[in-house]
Each structure stands twice: as C-alpha cells, then as structure tokens.
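First up is the structure itself, then whatever we jot down about it.
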Amino acid sequence: MSEVTQPTNQTVRTWRRPPQIKDPRLRWALYIGSVAYLCLALASVEIDVARLVEGTVRAKSLFAGVLSPDFVTRWTDIRAGFAESLTMTVVSTVLGVLLSIPIGLGAARNLAWRPVYLVCRSILAVSRAFHELIVAVLFVAMFGFGPFAGLMTLVVSTVGFLGKLLAEEVESIEWNAVEAVTSTGASWLQRVVYAVVPQVLPRYLGLTLYRLDINFRDSAVIGLVGAGGIGATLNTAFDRYEFDAVAAILLMIIGIVLCAEYAASAIRKRVL
Amino acid sequence: MPIIEKDGEKIWRRRDPKTALIHWLTTLGIALVVVYCARQISAQTTWDFVWTSGLQAQDLANRMMPPKFSYASELWTPLIDTIHIATLGTLLGIMIAAPLAFLTARNTTPSRLFVRPIALFLLVTSRSVNSIIWALLLVVILGPGMLSGILAIALRSVGFVGKLLYESIEEIDTRTVEAITATGATGPQILTYGVIPQIAPTFTGISIYRWDINIREATVLGLVGAGGIGMELQASIDTLAWSQVSILFLLILSTVVLSEWVSARARSAVT
Amino acid sequence: MLKIQGLHKRYGAFAALTDVTLTIAPGELVSLIGPSGAGKSTLIRCVNRLVEPTSGKVLLKDTELTGLSRSALRLERRRIGMIFQDYALVNRLTVMENVLSGRLGYTSFFKSLVRRFPQADVDQAFALLERVGLEGLHDRRADALSGGQRQRVGIARALLQSPELLLVDEPTASLDPRTARQIMRLIAELCRERGLAAIINIHDVPLAQQFTDRIIGLAAGKLIFDGLPGDLDNSVLTKIYGGEDWSQPAASAEDADDFEDGDDSAADGTLDALTKTDGVSA
C-alpha cells in the first residue's frame, strides 16, 4: 500500500444505518400508504361541535358523580348485581375449564387423531369468532332474560379461550417426556397424565385464574343486553342518568379486579 | 417424597398426610362454592324458557334464514368505519400506553414510591373497564358516533398494551443496559440504545395483537351507539329484522377472521 | 494509574468484598482469579460504580471516582472501557451501531438517536473493526455473529471509547478453548499497542499466566495473592480455590477447560447464597 491512497480510502467510508425495509420502492410505498390511510380515516370522523358543547353539561354531572360516588341509594340493586355477577363468574369458569380440557387436548395436533383434531379446532374457532355481546344477544333470545343466558355466554367464550391456549401449550411440550413414558408401555391416557399434564398444568392454572378475572369483567358487559349480572344494574343506572351510582359500580368493579389480580399473583407464587 | 413406615415396610405416597388433607379440603371448598353459586343462578332462571330454548332457536333460525343479501350493499360504509375505529383507537392507545409503561416498569420508572403506583393505577383502571362501558360513558359526553368509539377503544387498549409492555421492559437483559451505562451514556441514551431495541419487536407484536382484538370489539361498540357496524346490528335487532341480522353476522364473522389472519401474518413477519 | 483503597462491599449481612487495596500501574495487565462468587465481578464493577461500593476509595489517576456525582461519574466512565462475559451487545442493532455506542458519552442525545456520529468516530470504528478482524461485517445484526465475533465487537466498542483503563469481565467464559485463546491474545496485544492498563477477571489460570503481567487472587472477598504469574504455585492455588491435586498436568487447553468447569460446579453449591445476592445487584 502506498501512502497516497490511504487517506482517500478512509474519507470515503461514511456510514449510514441500513434501513429496516431493504427495497426503497416498498419502503416509500409503505410510508405514503400509511400517511394516506391515516388522513382518510381521520377525515371520516365526524365531529359535531354543537353536540360536544351540549355534552359538557353532562360531562360535568358525570365527573361530579365520579367524584362523589353514591353506594347507598341503590345499594340493594348493586349488591344483588354483584352477587349475580360473581356467581356467574365462578360457575362459568368451572364449567368452561371442565369442557375446555377434552376439547383443548383434542385440538392439539401432536396428541389427537386427525378427525378429532379437526372437529375440536372448529368448535374452538366457532366459539371464539363472535364477541360475547353478540353471543349474549342470541342466548337472551333463546333462554330469556337473566343470568342463565349470561352464564352460557361466558361458558362459550371461556371454552374458546382456554381450549385454544391449552392446545397451543400441549403442542409446544417437550416431546421426549412423552416418548419416555410411551416406551414404558403406557396407554394414551397414562401418557397424558404422566407426560403431558405435568408440563402444561402450571401454565393452565395461571390461565384459569386469568380467565376468572376476564369472566368477571365480561359479566359487567353482557348485562347490558339483558344477560344478568352487574351489567344490568349498570345499564339501569345509565338509563336513569344516576351517574353517582354508575361511578359507585365502576369503582367497585375496579376494586374487585385489583383484588383479584393481587390474589392471583399470590396464588401463582405459592402454587406454581 | 413422603414415605410412610408401616409394619416395617416403606410405603410411598404422592403427598404426605397433611398436604393430602389440605389438598382435599381445598377441592371440597371449591366444589361447595360452585354448587352454591349454581343454585343461586338456578333460582333466578325460568327453566321453562330453557327447556323450550330449542324451539326458540329453531324459530330464530327460520326467521334469519333466507338472509337479505340486498342489505349487504348498505353495509360497506359502516364496515369501513368499524375498521377505522379499531385502527385509530389502537394508534391512540399505544401512544398513551408506551410512556405509561416506562413510568410503570420497575427498572425505568423515575420514582418507585410516587410515580409507579399512579401509573399502575391508571393501567388497572383502563383494563378493568371494558371498552363497551368506556363507550357507554363517552357516548353520554360526546354523543353517539365514531369519535366515542375511537376513544373507547383507545382507553381500553392503554391498559392492555401498557401492562404487557411494562412486563417486557422488566424482563430485558440487564447486561446490555450495564454495557451501555459503562460507556458513559446518559439516561435517555441508555433508553434508546439499551432498552428500546430489546423491546421493539414485543411492542410491535402486542400492538398488532391488540388491533385484531379491537376489530372484534369495534363490531359491537355500535350496540351502545359508538359508531360502526354495531349500530346497524342494533337497529336490525330492534326492528326484529332477523334476515338482516344474519347478513350482519356473516359480515362480522368474515371481518374478524380476516383481521385475525392479517394480524397473525404481520406478527410472524416482525418477530 | 488506578488505586483501590480499603474497598468494602456488603449485600445485607453478606460481605462480598473485604478491605481490598491494590494499585495498578499504567500499561499493566492484571488478571484477577478466584472461585465463582469470590467477588471478582463485584470488584471490577466497583471501579466504574456499576456496583456502588459500601466504603473505600477508587482513584483513577487523580480523580476520586467514589464521591462523584452521577453526571460527573458519567463523564469519568468514558475513560474506562468494559468488556463482558456474555458480550452484552444490543442484539437487534447492527455491528456498527454496537461499536459506535462506545462514543455515546461524547455524542449528544439527538445525534445518537438519529445515528449521526462524527465522521472521525466512524473512521475510527471502521479501523477498529478491521483491527479486531471483522472487516466488512459492519451492517450485520449482532445476533447473526458467532460467539468469538461478538466478543470482538465488544472489544471494539470498549476501545472506541479511547479508554485509559479496560475492565474485562470473564471475556472467555462463553467461548470454546481455541477462540478463548484468540480473544485473550487480541486483548493483550491491543493493550500493549495502546499502552492500556487492564484488569481481567478470568477463570482459566493457564490463560491468565500466559497473557498477563501480574496475577491477583481473590477468595471470599479477600485479596490473598498478588504476584507474578511465575509465583503462582500449587500451595497458592489451594489457598485460592481449595484442595485439589494441582500437580496433575493439564496438558492441553481443552483439558484445562474441563477441569475448570468441574471446579465451577463445586464452587456453585457452596456459594449459593452469594450468587443470589449477585443476581439482586444486577
């Protein structure tokens, strides 16, 4: 190397961070596309100024209600609503767990016989496809108003949720444990009990606790369409513009969710 | 493992007697609670309706059955509105959630005693209130329409994205952060070089996942007046136009399935 | 160059370091040996205060690092390069970004955010990448490299700081024996070229003897040996690591490695409490 080429060699070497998307055309298309979509979407939002002004009055009474929640006036309704929500939560979670175990195992590709797998997967897909509120509308039409329709709604969504996650969990287990148990001459059920269950149980318990929490929160919503629980009480309070009672109910929901979360993490630490 | 000595023989049991007792008592307790709850619900149920529910279902199916396909052409605008509600709501939600997550994570919060509990409370509040209930509140203030829907989706998404994000911030590799600190980098530089690159894929994944959940939620927000295709659903149910309801169900179903597929594809592309 | 005086570090009731005093001359390569959990990592982290010492002084030239405010400490940290056992690279960034992160202490936040480092830094980064044998790999992602290559990136990052002192924490523990020797040789050569002083934590006694000028032995947080590599005989090793038939030859580097591993697991059991406290500090 001669000494003349060395400095030029060094000044040429600038460095820029390589872009995440290599193809410049694709990159620019994505940039421009996102900006265009954002503009279109924002333009489609209609803002009615007169209604917003009108809303400030209601906002005031709403915030006043939040600042001074009224637990007393509607206490009997609130208590009955929460009792109904909690019973629905407990029963639906237990039923959901019991149903999701066979369906979840059946939907695990590595364990189930092919036709069983397909049937279980379609059950899970159907039970997850619709929002709880839509399922609740249908069940209220079928079973009439009240907690039974709500219970059925929660069972359906619990099965969809736990079944799918259980299947995924089973599909990702360490397979050598199953092989080891199989090589001792164990039956299918023994294989599941000795090699699969110990591997998925801790996660599954955690998910069940999580689902308990979700079911309680959902029970507050499906009541809006007549499926029982605290949601019905909440809906009535809204219809009567009793924002102090609304605030009381919402605060209690938040409080219960918070307690449930602490309890769940305590249980997880002890059991798992 | 507990081994019980009896008549000079060692008997192996899975649990020792005390643990076994606790185990059985817990199971019994849970069973009693469940039975009690089930009886409460049963008392509130008109069983005659339940026994005849098969007939009801059949009746419903008959009324839904030829779906009114002509109705579908009126549904494009509400459907696109639904997608807008989900997308804009998700964007707004993650913009609020990201800073909150950094304030909540134990290793990045400016103050564990003061800031962290407040941020954590905001996240829990957002998460405990379902987006439908947020929508109910917002419709009262802002009136019916997309704006209420977008804000409801955003308010609910904050808690979800914020929680998952702060947990992943707490799980980052501390060695990398140590290495960046050792070069004499400032706090913001440690964040941008040591922390953010580690959580970026998780953050994108969580956001896309939440978007796909939000599409599902946005389809029903209209039931309480917060815009989108749910408003049509509400109108059709109120007028008992079940042949329109079946079209709406089909449309909602395909939108949800499609968004789930897009979301799964996008998530596997980023991670 | 570096003076450590009466350094103590306690985690609750557990004493990780007890009254450590030592001086390191400019350009001196010192290796720090001792069983897992003897306090080697804690000691070098006390130098740049990634771990806050309980009492005692650390002086770099005339600056007392232990009493500095956070912002002053940050500026002094630029004078001390650090190399880590598991490389501690930012995996999702490119090799170049990782190397340039060595200049963060000299670059404004905004410039570092948009990756606009001064051309002089970029030139130096390219030169260093060439020197450590990673020419042409600057746009690879760090997690696409092999272990040895990653450690070379770690070395380049530390040297880009233009440090006066290198702290090296188990540079070879995650590497195979051959790569370990290459990395140790590279570190030693670079220190000699630049007249850099270095403290190297290392498990592998033969490597320490081969590549460094001076060996310090630490056991249970106390300094119990300080001398030339040649003075490290079996009785000293027994004092540091505990009883073992040291006279049995470790013929090749691989053998030495296995033998070290065995010792590791033995030490892990007895010093369980210590690794736990280490975890808390990290």
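Protein chains in written order, with this note's numbering: chain U, 1 to 272; chain F, 273 to 543; chain L, 544 to 825.
Even for Gly, the Cβ is constructed at its ideal location relative to N, Cα and C.
Contact criterion: CB-CB distance below 8 Å. Does residue i meet it with respect to chain U?
i, result
"Val665(L)", "yes"
"Val534(F)", "no"
"Asp682(L)", "yes"
"Met639(L)", "yes"
"Gln704(L)", "no"
"Arg658(L)", "yes"
"Glu439(F)", "no"
Which two residues bound the contiguous alpha helix (DSSP H) that contains residue i?
i, result
"Leu189(U)", "188–191"
"Ser614(L)", "613–620"
"Glu640(L)", "638–643"
"Phe887(L)", "Only positions 544 to 825 of chain L appear in the structure, and residue 887(L) is not among them; the question remains open."
"Asn744(L)", "Premise fails: Asn744(L) lies in the beta strand (DSSP E), 740–744, not in any alpha helix (DSSP H)."
Mind checking residue i: buried by the 16 CB within 10 Å criterion, or exposed?
i, result
"Val823(L)", "Confidence at Val823(L) is low in this model, with a pLDDT of 34, below 50, so its placement is unreliable and the value that follows should be read with caution. It counts as exposed."
"Arg270(U)", "exposed"
"Gly365(F)", "buried"
"Val156(U)", "buried"
"Pro18(U)", "exposed"
"Lys604(L)", "exposed"
"Glu736(L)", "exposed"
"Ala615(L)", "exposed"
"Asn744(L)", "buried"
Check this for me: beta carbons of residue i and residue j, under 8 Å apart or not?
i, j, result
"Ala136(U)", "Thr158(U)", "no"
"Ile623(L)", "Asn591(L)", "yes"
"Ala454(F)", "Arg620(L)", "yes"
"Ile230(U)", "Ala237(U)", "no"
"Ala29(U)", "Ala149(U)", "no"
"Leu189(U)", "Leu414(F)", "no"
"Leu632(L)", "Thr448(F)", "yes"
"Ala245(U)", "Asp70(U)", "yes"
"Asp747(L)", "Ala731(L)", "no"
"Val225(U)", "Val140(U)", "yes"
"Ile357(F)", "Ala490(F)", "yes"
"Leu733(L)", "Ile726(L)", "no"
"Leu593(L)", "Val601(L)", "no"
"Asp353(F)", "Ser34(U)", "no"
Considering residue i, what are the terminal residues of the beta strand (DSSP E) in which it resides?
i, result
"Lys533(L)", "Since the first and last residues shown for chain L are 544 and 825, residue 533(L) lies out of range."
"Met625(L)", "623–626"
"Leu602(L)", "598–603"
"Lys435(F)", "Lys435(F) -> not in any beta strand (DSSP E); alpha helix (DSSP H) instead, spanning 418–442."
"Ile759(L)", "757–762"
"Asp712(L)", "708–712"
Does residue i have its Cβ less than 8 Å from a Cβ in chain F?
i, result
"Phe82(U)", "no"
"Ser44(U)", "yes"
"Arg620(L)", "yes"
"Gly229(U)", "no"
"Thr87(U)", "yes"
"Ala668(L)", "no"
"Asn591(L)", "yes"
"Gly648(L)", "yes"
Which residues in the same chain have their Cβ closer than 7 Å to the Cβ of residue i, if we skip the five residues on either side of it in sequence?
i, result
"Ser508(F)", "Gln516, Val517, Leu520"
"Pro350(F)", "Gly500, Ile501, Met503, Glu504"
"Tyr465(F)", "Ile452, Ala457"
"Phe432(F)", "Arg399, Arg482"
"Tyr204(U)", "Leu166, Glu169"
"Ala407(F)", "Ser420, Gly421, Ala424, Leu493, Val496, Ala498"
"Val97(U)", "Leu162, Thr208"
Excluding five sequence neighbours on each side, which residues of the same chain lie with their C-beta closer than 6 Å to the C-beta of residue i?
i, result
"Phe655(L)", "In the sequence as displayed, the identity of residue 655(L) is Ser instead of Phe. If we look at Ser655(L) and ignore the five residues flanking it on each side, its Cβ neighbours are Leu647."
"Leu212(U)", "Thr93"
"Leu395(F)", "Gly431, Gly434, Lys435"
Note down, in chain order, each residue of its chain lying with its Cβ closer than 8 Å to the Cβ of residue i, except the 5 sequence neighbours on either side.
i, result
"Lys164(U)", "Gly104, Ala107, Leu124, Arg128"
"Leu671(L)", "Val642, Ala699, Leu702, Leu703"
So, is the C-beta of residue i closer than 8 Å to a C-beta in chain L?
i, result
"Thr380(F)", "no"
"Pro19(U)", "no"
"Gln596(F)", "Lying outside 273 to 543, the shown extent of chain F, residue 596(F) is not represented and no answer is given."
"Arg27(U)", "no"
"Trp15(U)", "yes"
"Glu443(F)", "no"
Closer than 7 Å to a non-hydrogen atom of the ligand ATP - does that hold for the CB of residue i?
i, result
"Ala538(F)", "Ligands displayed in this structure: none; no statement on the ligand ATP is therefore possible."
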